[in-house]
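Visitor: One rule links them: number in this note's numbering = place in the sequence shown (from 1) + 380. Just so you know, even glycine gets a beta-carbon here, dropped at the ideal spot from N, CA and C. Since we're looking at a predicted model, the values are computed, not measured. This structure is in structure tokens; I'll ask about it shortly.
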Amino acid sequence: MKKLIKTILFAAVGFYIGTVISGGELVIPMGIFCMGLPAGFAFTSRYFIGYSFMSIALHLIASVLIGWIILPFSLASGMIQTYKELKARA
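Okay, structure coming up:
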């Protein structure tokens, strides 16, 4: 249950970041675009080192792209784990 809540909160934070970045234009598409940002950022922080503008930009782009892959698997794994916990209680 904790993993599912954590993943949903990550997705919500990413969606909020996307809506703030959009500035009122294309709110939903930018929100969906950035939903994977927190999950991807946690993964890519191990591999991107440097503080130049290009390094930070590449880190953010890679975080979004990798987050799109990680987020659905995290949600599915959280749902499966929650289902197993609820089934064990019954």
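On the CB-based measure, 16 or more other CB atoms within 10 Å of its CB, does F453 come out buried or exposed?
Guide: exposed
Visitor: What's the call for P418, buried or exposed, on a 16-neighbour Cβ count within 10 Å?
Guide: buried
Visitor: Give every residue of the same chain whose Cβ lies closer than 7 angstroms to the Cβ of S435, excluding the five residues on either side of it in the sequence, and list them in chain order.
Guide: F428
Visitor: Using only alpha-carbon positions, find the residue among E405, M410, M381 that is nearest to V393.
Guide: M410
Visitor: If you compare alpha carbons, which of I412, E405, I408 is closest to F390?
Guide: I412
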